[in-house]
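In structure tokens form, the structure reads like this:
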């Protein structure tokens, strides 16, 4: 497939999957928010997905009435408490009735407990589950993937390797045939006093030995020479990743959170995100996200689910 270079292109590709292969089913935990239902309705009408709405049936119908969404097009699973809602929603996915697990107005801790439930959840062996933001930034010709800025706080080397692999799989679902992964640090040289640079060097070697597949990993990179070919050239850095990175692996959640939010607030961009590495795609949106951001996360989950199959 052709590389998707914007979130609008992502949306169109998700529509194509729905038209040619049938719509994916998404299980939404606590779907009683008018803004959320607006995004779900747009996805449904666009032919991207159909939805199970899990939560208090009366609250869901009241929210739908506020924005004119016809509940005849949805299947509601009535549940009351947030722990019950999470379990009912995730069971629809683990049983195969739905393809994607999505957070609605439920608190994140209950949503994640459902995902990690040992009996009906979506944990796949000992695989590291991670989060990825993906951004379309004005002035650049590709989508950027930033990981992990929301889930793993201070990952060790083994976890970082799995986080990279999770994110590479998403980038490949977006048509990036061989994603270029920049392992970020404060500097672009290995410094024994800076653990992030040691991890970067080790990850690059793991990739060279085939332990991290279907991508090119290099580092350490400071952000400027990962995203700017001119900066890399000025600093004398010769690497296929220098200035051309698709994926940015951050050293910890602090750096990742600041980088992702700097993009959101300091640039003209479109941003969405999802959880990777589980047995099915997981959409973890903020309750403050716009309907457009939620729609893009839905589109990404549909594309990723299709690629996985």
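Numbering (the UniProt record's numbering), first residue to last: 1 to 309. Beta carbons are placed, not taken as given, at the ideal position from N, Cα and C, and that holds for glycine. Because the structure is a prediction, the values reported are computed rather than measured.
{"Check": "Any idea what DSSP makes of residue 38, helix, strand or coil?", "Outcome": "helix"}
{"Check": "So, residue 212 versus residue 173, is the Cβ gap smaller than 8 Å?", "Outcome": "no"}
{"Check": "Below 8 Å, how does it come out for the stretch 82 to 91 and the stretch 17 to 24: are there three or more Cβ pairs, yes or no?", "Outcome": "no"}
{"Check": "Tell me which residues share the same chain as residue 278 and place their Cβ nearer than 7 Å to its Cβ, disregarding the 5 neighbours each side in the sequence.", "Outcome": "115, 122, 123, 124 and 129"}
{"Check": "Compute the Euclidean distance between the alpha carbons of residue 299 and residue 15, then round it to the nearest angstrom.", "Outcome": "8 Å"}
{"Check": "Can you list, in chain order, the residues of its chain whose CB lies under 6 Å from that of residue 319, leaving out five sequence neighbours each side?", "Outcome": "The requested residue 319 does not occur in the structure, where the chain is confined to residues 1 to 309."}
{"Check": "Is the stretch 257 to 275 close to the stretch 226 to 239, with three or more CB pairs under 8 Å?", "Outcome": "no"}
{"Check": "For residue 285, count the other beta carbons within 10 Å of its own beta carbon; 16 or more makes it buried, fewer makes it exposed. Which is it?", "Outcome": "buried"}
{"Check": "Contact defined as beta carbons within less than 8 Å: I believe residue 229 pairs with residue 219. What is the distance between those atoms, to the nearest angstrom?", "Outcome": "So it is not a contact: roughly 16 Å between Cβ atoms."}
{"Check": "Under 7 Å Cβ to Cβ from residue 263, same chain only, skipping five residues before and after it: list those, please.", "Outcome": "135, 137, 269 and 271"}
{"Check": "In whole angstroms, what separates the C-alpha of residue 69 from that of residue 62?", "Outcome": "10 Å"}
{"Check": "Does DSSP classify residue 136 as helix, strand or coil?", "Outcome": "strand"}
{"Check": "Please name the residue in 266, 251, 252 and 222 whose C-alpha comes closest to that of residue 245.", "Outcome": "222"}
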